[in-house]
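K.L.:
With our numbering applied, the sequence shown corresponds to residues 579 to 1366, in that order. The structure's right below; bear with me while I get my questions together.
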Amino acid sequence: MAAAAEQEQQQFYLLLGNLLSPDNVVRKQAEETYENIPGQSKITFLLQAVRNTTVAEEARQMAAVLLRRLLSASFEEIYPTLLPEVQTAIKSELLLIIQLETQSSMRRKICDIVAELARNLIDEDGNNQWPEGLKFLFDSVSSQNVGLRFQKKFHEKVIAALLQTMEDQGNQRVQAHAAAALINFTEDCPKSLLIPYLDNLVKHLHSTMVLKLQELIEKGTKLVLEQVVTSIASVADTAEEKFVPYYDLFMPSLKHIVENAVQKELRLLRGKTIECISLIGLAVGKEKFMQDASDVMQLLLKTQTDFNDLEDDDPQISYMISAWARMCKILGKEFQQYLPVVMGPLMKTASIKPEVALLDTQDMENMSDDDGWEFVNLGDQQSFGIKTAGLEEKATACQMLVCYAKELKEGFVEYTEQVVKLMCARVRGPEYLTQMWHFMCDALIKAIGTEPDADVLSEIMHSFAKCIEVMGDGCLNNEHFEELGGILKGKLEEHFKNQELRQVKRQDEDYDEQVEESLQDEHDSDVYILTKVSDILHSIFSSYKAKVLPWFEQLLPQIVNLICPHRPWPDRQWGLCIFDDIIEHCSPSSFKYAEYFLRPMLQSICDNSPEVRQAAAYGIGVMAQFGGDNYRPFCTEALPLLVRVIQSTDAKTKENINATENCISAVGKIMKFKPDCINVEEVLPHWLSWLPLHEDKEEAVHAFNYLCDLIESNNPIVLGPNNSNLPKIFSIIADGEINEAIKHEDPCTKRLANVVRQVQTSGGLWTECISQLSADQQAAIQELLNSA
């Protein structure tokens, strides 16, 4: 029954695609087919299409428009004939879909549907039969975050409605629909909102599970049980340790399902139950889960040994792969003994080779969508096609391999050759690692040049940058550099060209709010690629230092263009970041480019954009630290600008704090590394009053290290007459500890602890310092002493 419904829904997705077809014959035929679908089925199909984010965006939008039209034109004929439970489910579902929708244009269309339904549910006497729907729309008008606002105002009603609908024993389909909506709700519901309803939620889920388990045994019905099991998993995942009291209520039944649901038609149920058990284990933690860990591992192992008998499309496989990875996280090193069993199917799934093809446009149109192909237009009437079936499972398997490598480290070494994962290969020595790198490097550079999908491209670029950081100087040869230089130059030129095209589109007569939204999405995507260009350059400068500058000069005009005053702030931010890297890693040679970046950097310290201010302030800091004598006058010039930012009234607001802390750190670095550029005695008391830094952890370490330098050298300004500043210093150190500004393994922690211990030896001074601290600060000082 479920399979038939699934097939019908898939056919409906195809129908939606055909309704959008430019071919008149195809479209007309689709319109006739659509007209002949009964009203109730139409609502069900359309609602499912609107909810399903894996459906093509145009098809979802089309479904939303059709659903609104249906409620507008045919409400009286269709809606009253629906069962009350189905009506409740539709209303709950619509509000949930808005809450989960990320695309604002799509969310507006769904709001139109809600408005249409709400309008129709006001009767002739003006009574509103859907108060929460109408109230939600009014609240949404002033809400910037529709989803969160909705959850806070309606979670109680929604949970109650969904639970009531889920317990409607008369209609399996409605129950399953409600359980699916509950999963959506709990997945995105913050833990704090869920906890007050946890007890009630769990009791309902448990009683429904017991009933449905009985039904499965007596009648073989499984649809609702599948959804309920996933609901339990979702609740546990959100509730985390708060789920511990309910653990014993569910685990015996879940283990029973895995043990006994072995028939072919129960594969999906069994897979979802395996997922549920592993998510509950992760939520409640090792201590609680250990009572069942051995049993669960045996059940998983038994399934694993039967894997040879499973078909390639068995849904249990992907659930098993994810469950093993969770078990690895729970058990840690104890998991190593199971690797020989789990690696076979995992490697098989990770090795799936998708079919790819280069086709002309005509051939592409002849290939039907239901074959699972997706196409990217390459221009010149050509398209690149990839068969996506199995790709999701492949991606999951690759993530699991990374998970095992991270958790088990050297325990994973036997599999490194198969997996070719850099982080593990390191333990086999540098020669092995270099071979691995040569195997991948050419392919990565080529992929950066040819990958058409922005999301995939950014991942490849990020991975390439990380590899260079790990491999270091010498990992790229001249051919690599030449190819990479051309590719990066192309990316930057494309970045500017895309900006110009967007400006042209803004002048177009069709330009409206919706066009702007899509232009903004393109802009965000472009900027993300720019950040990855910056990542790659950062890794190259940090590995190769000044000797890479002659190669870099081919990109210099583009980087200078990024920091021009008229460019958008993300361009200026990332352009400055690239010059920051040059100053930091290539000084003193960096000064030969000073004519290009010094003025813009100084002007950017007080920029309107906090991100630009932060990049500029960081640049001044590294200029002081690494820049050599040529930079001295510019450190002097920068100081009043940095102080102006630090002392502005909104310096400590959430959006400004990172930029401000970078300014404070830069002042500290000027005093430490270029003390003859400024009047340190005059600036030092101000600098102390700005401490501690706690948002930007890296800069906090610089500030605390300099503070330790000053205290250890008995600086009279810092210590004050008769050590009168020590209580203030203790409070700075305590606040730094409270805000976790320094990791305990950092050597700076030991230096701070030694400062405190030194004061401990002089009784009276110690008492005076401690007595001026709050209880939290006193506990933090104790924590610091214990950790170092």
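Glycine included, each C-beta is placed from N, C-alpha and C at the ideal position.
To the nearest angstrom, report how far apart Q1098 and I1289 are at their CA atoms.
P.N.:
Here residue 1098 corresponds to residue number 520 of the sequence shown, with the count starting at 1. Here residue 1289 corresponds to residue number 711 of the sequence shown, with the count starting at 1. The alpha-carbon atoms of Q1098 and I1289 are separated by roughly 50 Å.
K.L.:
To the nearest angstrom, how far is the alpha carbon of Q1356 from that of V1337?
P.N.:
As a working note, residue 1356 is residue 778 in the sequence shown. As a working note, residue 1337 is residue 759 in the sequence shown. If you take the alpha carbons of Q1356 and V1337, they lie about 14 Å apart.
K.L.:
Pick helix, strand or coil for I852, following the three-state DSSP scheme.
P.N.:
By 1-based counting over the sequence shown, the position of residue 852 is 274. Reduced to three states, the DSSP call for I852 is helix.
K.L.:
Taking G1052 as part of the alpha helix (DSSP H), name the residues at either end of that continuous run.
P.N.:
Working through the sequence shown from its first residue, we reach residue 1052 at position 474. Counting along the chain, G1052 falls outside any alpha helix (DSSP H), and DSSP gives it neither H nor E.
K.L.:
Under three-state DSSP, which class holds I1160?
P.N.:
Residue mapping note: residue 1160 aligns to position 582 of the sequence shown, counting from 1. In the structure shown, I1160 sits in a helix (DSSP, three-state: H, G or I).
K.L.:
Would you say L1330 and L1362 are within 8 Å of each other, going by their C-beta atoms?
P.N.:
Counted from its first residue, the sequence shown places residue 1330 at position 752. Counted from its first residue, the sequence shown places residue 1362 at position 784. Closer than 8 Å, so yes.
K.L.:
Taking 6 Å as the limit between beta carbons, can you name the residues of its chain near K1069, skipping five residues before and five after?
P.N.:
On the sequence shown, residue 1069 is found 491 positions in, with the first residue counted as 1. Only V1111 meet the Cβ criterion.
K.L.:
So the alpha helix (DSSP H) A637 belongs to, where does it begin and stop?
P.N.:
As a working mapping, residue 637 is identified with position 59 in the sequence shown. It spans 635-651 - the alpha helix (DSSP H) in which A637 sits, taken as one unbroken run.
K.L.:
Out of I676, M787, T666, which one is the CA nearest neighbour of A738?
P.N.:
Position 160 of the sequence shown holds residue 738. Residue T666 is the option with its Cα nearest to A738.
K.L.:
Of the residues I1359, E663, G1197, which one's Cα is nearest the Cα of V1177?
P.N.:
Taking the sequence shown and counting its residues from 1, the one referred to as residue 1177 is at position 599. Here the sequence assigns Arg to residue 1177, which means Val is not the residue at that position. Of the listed residues, the one whose Cα sits closest to R1177 is G1197.
K.L.:
Spatial neighbours of E837 within its chain, please: C-beta separation below 7 Å, excluding the five flanking residues on both sides.
P.N.:
Counted from its first residue, the sequence shown places residue 837 at position 259. Cβ contact annotation for E837 (same chain, cutoff 7 Å, sequence separation greater than five): L877, in chain order.
K.L.:
Would you call the CB atoms of I688 and A642 closer than 8 Å?
P.N.:
The residue labelled residue 688 in the question sits at position 110 within the sequence shown. The residue labelled residue 642 in the question sits at position 64 within the sequence shown. Contact flag set, yes.
K.L.:
Report yes if the CB atom of H1272 is closer than 8 Å to the CB atom of G1246, and no otherwise.
P.N.:
Locating residue 1272 in the sequence shown gives position 694, counting from the first residue. Locating residue 1246 in the sequence shown gives position 668, counting from the first residue. No, the pair does not count as a contact, with Cβ atoms beyond the cut-off.
K.L.:
Determine the DSSP secondary structure at I700, reduced to helix, strand or coil.
P.N.:
Indexing the sequence shown from 1 puts residue 700 at position 122. Of the three classes helix, strand and coil, the one that applies to I700 here is strand, per DSSP.
K.L.:
Would you decide whether A983 is buried or exposed? Buried here means 16 or more other CB atoms lie within 10 Å of its CB.
P.N.:
Your numbering for residue 983 matches position 405 in the sequence shown. Result: buried.
K.L.:
Near M1039, what residues of its chain come up, given a Cβ to Cβ distance below 8 Å and the 5 sequence neighbours on each side ignored?
P.N.:
The residue labelled residue 1039 in the question sits at position 461 within the sequence shown. Cβ within range, chain order: I1026, I1107, K1110, V1111, D1113, I1114.
K.L.:
Could you tell me how far apart the beta carbons of C767 and T808 are, in whole angstroms, since I believe they sit closer than 8 Å?
P.N.:
Residue numbering aside, residue 767 sits at position 189 when the sequence shown is read from its first letter. Residue numbering aside, residue 808 sits at position 230 when the sequence shown is read from its first letter. The C-beta distance from C767 to T808 rounds to 15 Å, too long to meet the 8 Å contact threshold.
K.L.:
Throw me the rounded Cβ distance for the K620 and L649 pair, which I believe falls under 8 Å.
P.N.:
Residue numbering aside, residue 620 sits at position 42 when the sequence shown is read from its first letter. Residue numbering aside, residue 649 sits at position 71 when the sequence shown is read from its first letter. Wrong, their Cβ atoms sit about 10 Å apart, outside the cutoff.
K.L.:
Measure the C-alpha to C-alpha separation of M577 and D690 and round it to an integer number of angstroms.
P.N.:
Here the chain has residues from 579 to 1366 only, and residue 577 is not among them.
K.L.:
Pull up the distance between the alpha-carbon of N1186 and that of E1233, whole angstroms please.
P.N.:
In the sequence shown, residue 1186 corresponds to position 608, counting from 1. In the sequence shown, residue 1233 corresponds to position 655, counting from 1. Spanning the two alpha carbons is a distance of roughly 12 Å.
K.L.:
Can you check which of these residues, I668, K1275, L1285, F1130, is closest to I1320 by C-alpha distance?
P.N.:
Start at 1 with the first residue of the sequence shown, and residue 1320 comes out as number 742. Closest by alpha carbon: K1275.
K.L.:
Can you name, in chain order, every residue of its own chain whose Cβ lies under 7 Å from the Cβ of Q914, other than the five neighbours on each side?
P.N.:
The residue labelled residue 914 in the question sits at position 336 within the sequence shown. The residues are L986, G989.
K.L.:
Using three-state DSSP, classify S1182 as helix, strand or coil.
P.N.:
Taking the sequence shown and counting its residues from 1, the one referred to as residue 1182 is at position 604. Reduced to three states, the DSSP call for S1182 is helix.
K.L.:
So, for A903: in the same chain, excluding its five sequence neighbours on each side, which residues have a beta-carbon less than 8 Å away from its beta-carbon?
P.N.:
Residue numbering aside, residue 903 sits at position 325 when the sequence shown is read from its first letter. Closer than 8 Å at Cβ, skipping near neighbours: Q977, M978, C981, Y982.
K.L.:
Grouping DSSP H, G and I as helix and E and B as strand, with all else coil, what is Q1132?
P.N.:
The sequence position of residue 1132 within the sequence shown is 554, counting from 1. Residue state, collapsed to three classes: coil.
K.L.:
May I have the straight-line CA-CA distance separating K1024 from A651, to the nearest angstrom?
P.N.:
Here the question's residue 1024 lines up with position 446 in the sequence shown. Here the question's residue 651 lines up with position 73 in the sequence shown. A straight-line Cα-Cα distance of about 54 Å links K1024 and A651.
K.L.:
Give the straight-line distance between the Cα atoms of L760 and T1345, rounded to the nearest whole angstrom.
P.N.:
For the purposes of this step, residue 760 is taken as residue 182 along the sequence shown, with counting starting at 1. For the purposes of this step, residue 1345 is taken as residue 767 along the sequence shown, with counting starting at 1. For L760 and T1345, the distance between alpha carbons rounds to 56 Å.
K.L.:
By the three-class DSSP mapping on this structure, what secondary structure does L1140 have?
P.N.:
Within the sequence shown, numbered from 1, the residue matching residue 1140 stands at position 562. If DSSP states are grouped into helix, strand and coil, L1140 belongs with the helices.
K.L.:
Tell me, please, whether the CB atom of L1066 is closer than 8 Å to any CB atom in chain C?
P.N.:
Among the chains of the structure shown, chain C does not appear; only one protein chain is present.
K.L.:
Since I believe I1224 is in contact with W1268 (beta carbons under 8 Å), could you give me their beta-carbon distance rounded to a whole number of angstroms?
P.N.:
As a position in the sequence shown, residue 1268 is number 690, starting the count at 1. As a position in the sequence shown, residue 1224 is number 646, starting the count at 1. At roughly 6 Å, the Cβ-Cβ gap stays under 8 Å, so W1268 and I1224 are in contact.
K.L.:
Which value, in whole angstroms, describes the spacing of the CA atoms of R1145 and G1052?
P.N.:
Within the sequence shown, residue 1145 is the residue found at index 567, counting from 1. Within the sequence shown, residue 1052 is the residue found at index 474, counting from 1. Between R1145 and G1052, the C-alpha separation is close to 35 Å.
K.L.:
Can you tell me the Cα-Cα spacing of Q722 and H1073, whole angstroms?
P.N.:
Against the sequence shown, residue 722 aligns to sequence position 144. Against the sequence shown, residue 1073 aligns to sequence position 495. Note that Q722 scores a pLDDT of 39, beneath 50, so its modelled location is shaky; the value from the coordinates is reported in the next line. If you take the alpha carbons of Q722 and H1073, they lie about 30 Å apart.
K.L.:
Whole angstroms are fine: how far does the CA of T786 sit from the CA of L1367?
P.N.:
Residue numbering for the chain in the displayed model covers 579 to 1366; residue 1367 lies beyond these limits and cannot be assessed.
K.L.:
Identify which residue in R1150, E1071, E912, F1175 has its Cα closest to the Cα of L1133.
P.N.:
Against the sequence shown, residue 1133 aligns to sequence position 555. Closest by alpha carbon: E1071.
K.L.:
Inspect the beta-carbon positions of K833 and V874 and report whether they are closer than 8 Å.
P.N.:
Within the sequence shown, numbered from 1, the residue matching residue 833 stands at position 255. Within the sequence shown, numbered from 1, the residue matching residue 874 stands at position 296. Going by C-beta atoms, K833 is nearer than 8 Å to V874.
K.L.:
Suppose the cutoff is 7 Å on Cβ atoms and the five residues either side in sequence are ignored; what does the same chain contact list for L1140 look like?
P.N.:
Looking up residue 1140 in the sequence shown gives position 562. The beta carbon of L1140 is closer than 7 Å to those of D1149, R1150, W1152, G1153 in its chain, skipping five residues each way along the sequence.
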